[in-house]
Amino acid sequence: MNRKMIFYMVGNIILLEAALLMLPTLVALSYHEMNGVFAFSLTIIISALVGFAMKFVFKPHNRVIYAREGFVIVTFAWLLLSLLGCLPFLISGEIPNFFDAFFETVSGFTTTGASILRDVESMSQGMLFWRSFTHWLGGMGVLVLIMAIIPSDSGRTIHIMRAEMAGPVIGKIVPRIKETARILYFLYFALTLIEFVFLLFGMPVFDAAVHALGTAGTGGFGIKADSIASYSPYVQWVITIFMVLFGVNFNLFYFLLLRKFKMVFTNRELWFYLSILLVSAGIITYSIYPIYNNFSDSVRHSCFQVASIVSTAGFSTADFNLWPDLAKGVIFILMFLGGCAGSTAGGLKLSRVIIMLKAIIKDVRHLLHPRSVAAVKFEGKTLDDSTLHGVTTYFALYIVLIAATFLILCFEPSFDLQSNLTASVTCCNNVGPGLGLVGPMEGFGGYSAFSKLVLTFAMLFGRLEIYPLLLAFYPRTWTKK
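Just add 194 to the spot in the sequence shown (first one is 1) and you have the working numbering.
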């Protein structure tokens, strides 16, 4: 275990956070919010001191990063980013309780979008911007950003990307990992900018900026109590389209730029993703039509909500708590699925769902024809046993995580079974709103401090896909052999 390299890398990440905090500081300054300027400035100083201390005290001679170092770096980085990132809320007094501030910050960085705030419109512009900016930073991954801009002597930084980015298999789209990170962030920034421009035709500049950041990271923090409901249908359709786009594997956008159209349009996961969106939107439109008695409104609300849940953005245009059980049932199922691997969406990931379905079909065929030999293929490639084992093991851990979170929440006397179950599912899958008392027009503020801490770590487990946190706190990870 290369301990010095771990803390050295985490120190660099904390310094990057200190630099990035300058942006919300400038926003607060432009709105003459001196309390916010002070809170952000003090946080920058604290972060810089912590970052420099870690960087110089733990300066390593050996800069090689192996798989377990990658997992530990990602875990510690996300924990420290969140702990330091919640300081502006605490120092400014806008979220004075530590557990609330930590929950809100982790929800931001993990792009969950679950909030403890009931009166979000009373917050200052600087703090609202910081909430949405955490979505943007966490969407593609803070460590992927640092790999793109900071030189590294290690040729094994792919282990950091694999630990931080979502999906069963993460690879390079170009030979050099640094160039891969740069391409991913270029595409991410470009799509965010394009959405921002489109939103300017229906929103003020500040609103367009925070919603573009929130959509890009598929986070879902709104700046109004009704999320997106009070904005025009034009704005709602723009956000719907971009939520769908940010749920697509970013490698496909790169292939489009290279004009490799066949690789895009033969991608099975993409077609599965689009099919789920269309079928789900059709069922929900049928279910909610009697409520709105207007076909265009029913289509708009159903398409928006399906895109929001599948991409795990978590925005809403309506209180789907009031929708029929069929619509709520579809939404509940969608909370598990998530978007494509290699996107900013959370959830189980459709690539895993496809692989598991194919594995089930293979086993059924083997029962019917015991002597047959069949392979599971995904995107034209035969999957080896280790990949299949990894997918099934991850799914088992995923179910255990949701079940454990749910059982712990059941000790809460003021929350019903539906609320606790969907709170567990939505936090573990980084979706945002649930059903019942944690619905789109409600919040998570009613939970106790302990339950909020449990949900906070559920969000971290979900965003980092379980293994980094498990390995970071597993004693044998830290042994020399």
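Positions of the beta carbon are idealized from the N, C-alpha and C atoms, including for glycine. What you are looking at is a predicted structure, and each value in this text was computed from that prediction instead of being measured.
C-alpha gap between Gly349 and Leu284, whole angstroms | In the sequence shown, counting from the first residue as 1, residue 349 sits at position 155. In the sequence shown, counting from the first residue as 1, residue 284 sits at position 90. Its pLDDT being 48, under 50, Gly349 is placed unreliably in this model, and the value from its coordinates should be taken loosely. Between Gly349 and Leu284, the C-alpha separation is close to 39 Å.
Report back the beta-carbon spacing between Asn623 and Thr506 to the nearest angstrom; my notes put them in contact at under 8 Å.
-> Taking the first residue of the sequence shown as position 1, residue 623 is located at position 429. Taking the first residue of the sequence shown as position 1, residue 506 is located at position 312. The pair is a contact, with the Cβ atoms about 6 Å apart (cut-off 8 Å).
Helix, strand or coil: how does DSSP classify Lys454 here?
-> Mapped onto the sequence shown, residue 454 falls at position 260. It is coil, neither helix nor strand.
List the whole-angstrom C-beta distance separating Gly532 from Leu520, where the pair is believed to meet the contact cut-off of C-beta under 8 Å.
-> Against the sequence shown, residue 532 aligns to sequence position 338. Against the sequence shown, residue 520 aligns to sequence position 326. At roughly 22 Å, the Cβ-Cβ gap does not stay under 8 Å, so Gly532 and Leu520 are not in contact.
Could you tell me the distance, in whole angstroms, from the CA atom of Val244 to the CA atom of Glu211?
-> Residue 244 sits at position 50 when you count from the first residue of the sequence shown. Residue 211 sits at position 17 when you count from the first residue of the sequence shown. So the alpha carbons of these two residues sit roughly 11 Å apart.
How is Phe572 classed by DSSP in three states: helix, strand or coil?
-> Residue mapping note: residue 572 aligns to position 378 of the sequence shown, counting from 1. The answer is strand: DSSP assigns Phe572 an E or B state.
Quick one, are the C-beta atoms of Thr412 and Glu389 less than 7 Å apart?
-> Here residue 412 refers to the residue found at position 218 of the sequence shown. Here residue 389 refers to the residue found at position 195 of the sequence shown. In this structure, Glu389 does not lie closer than 7 Å to Thr412 by Cβ.
Which of the three DSSP states, helix, strand or coil, is assigned to Phe514?
-> Within the sequence shown, residue 514 is the residue found at index 320, counting from 1. Helix, per DSSP.
Run the CB neighbour count on Ala501, radius 10 Å, all protein chains shown included, and call it buried at 16 or more, exposed below.
-> Translated into positions along the sequence shown, residue 501 becomes position 307. Classification of Ala501: buried, given that the 10 Å Cβ count is 16 or more.
Once you ignore the five residues that flank Trp672 on each side, which residues in its own chain have a CB closer than 6 Å to its CB?
-> Here residue 672 is taken as the residue at index 478 of the sequence shown, counted from 1. Around Trp672: Met195.
Would Pro669 be called buried (16 or more neighbouring beta carbons within 10 Å of its own) or exposed?
-> Position 475 of the sequence shown, counting from 1, holds the residue named residue 669. Label assigned to Pro669: exposed.
At what residue ranges does the segment 421-455 contain a whole run of the alpha helix (DSSP H), taking only runs of 4 or more?
-> 427-440, 444-451
Specify whether the segment 294-306 and the segment 317-330 touch according to this definition: at least 3 beta carbon pairs, one from each stretch, less than 8 Å apart.
-> Counting C-beta pairs with one atom in each stretch, the segment 294-306 and the segment 317-330 have three or more that are closer than 8 Å, which means they touch.
Take Glu573 and list the residues in its own chain whose beta-carbon comes closer than 8 Å to its own, dropping the five residues that flank it on each side.
-> Sequence index remark: in the sequence shown, residue 573 carries index 379 (1-based). Excluding residues within five positions, the ones whose Cβ falls inside 8 Å are Asn461, Arg462, Glu463.
Who are the near neighbours of Asp616 in its chain, counting only those whose CB is closer than 8 Å to its CB and skipping five residues on each side?
-> In the sequence shown, the residue the question calls residue 616 occupies position 422. Just to set this straight, residue 616 is Thr in the shown sequence, not Asp. For Thr616, where only same-chain residues beyond five positions count, the Cβ hits under 8 Å are Phe526, Met529, Gly628, Leu629, Gly630, Val632.
Through-space distance from His226 to Gly279, alpha-carbon basis | Residue numbering aside, residue 279 sits at position 85 when the sequence shown is read from its first letter. Residue numbering aside, residue 226 sits at position 32 when the sequence shown is read from its first letter. Those two C-alpha atoms are separated by around 21 Å.
By DSSP, does Ile417 sit in helix, in strand, or in coil?
-> As a first step, residue 417 must be located in the sequence shown, where it is residue number 223. Note: Ile417 maps to coil in three-state DSSP.
Boundaries (first-last residue) of the alpha helix (DSSP H) holding Ser286 | Taking the first residue of the sequence shown as 1, we reach residue 286 at position 92. 281-286 is the extent of the alpha helix (DSSP H) around Ser286.
Between the C-alpha atoms of Gly158 and Val594, what's the straight-line distance to the nearest angstrom?
-> The chain is shown from 195 up to 675; residue 158 falls before or after that span and cannot be answered.
So, is Lys646 buried or exposed, given that buried needs 16 or more other C-beta atoms within 10 angstroms?
-> Residue numbering aside, residue 646 sits at position 452 when the sequence shown is read from its first letter. Result: buried.
Within its chain, find whatever has a CB closer than 7 Å to the CB of Val221; leave out the 5 residues flanking it on each side and keep chain order.
-> On the sequence shown, residue 221 is found 27 positions in, with the first residue counted as 1. Cβ neighbours of Val221 beyond the five flanking positions: Gln319, Gly320, Phe323.
Reference Lys571; option with closest CA among Ala590, Val524, Leu214, Ser545 | The residue labelled residue 571 in the question sits at position 377 within the sequence shown. The residue with the shortest Cα to Cα distance from Lys571 is Ser545.
May I ask which residues mark the beginning and end of the alpha helix (DSSP H) holding Met529?
-> What you label residue 529 is simply residue 335 of the sequence shown in a count that begins at 1. Taken as a continuous stretch (DSSP letters only), the alpha helix (DSSP H) holding Met529 covers 519-531.
Considering only the beta carbon of each residue, do Thr650 and Phe297 sit closer than 7 Å?
-> In the sequence shown, residue 650 corresponds to position 456, counting from 1. In the sequence shown, residue 297 corresponds to position 103, counting from 1. A contact, by the Cβ cut-off of 7 Å.
In or out: Trp465 buried (at least 16 other Cβ within 10 Å) or exposed?
-> Taking the sequence shown and counting its residues from 1, the one referred to as residue 465 is at position 271. It counts as exposed.
How big is the Cα-Cα spacing for Ser424 and Trp517?
-> Taking the first residue of the sequence shown as 1, we reach residue 424 at position 230. Taking the first residue of the sequence shown as 1, we reach residue 517 at position 323. Straight-line Cα distance between these residues: approximately 18 Å.
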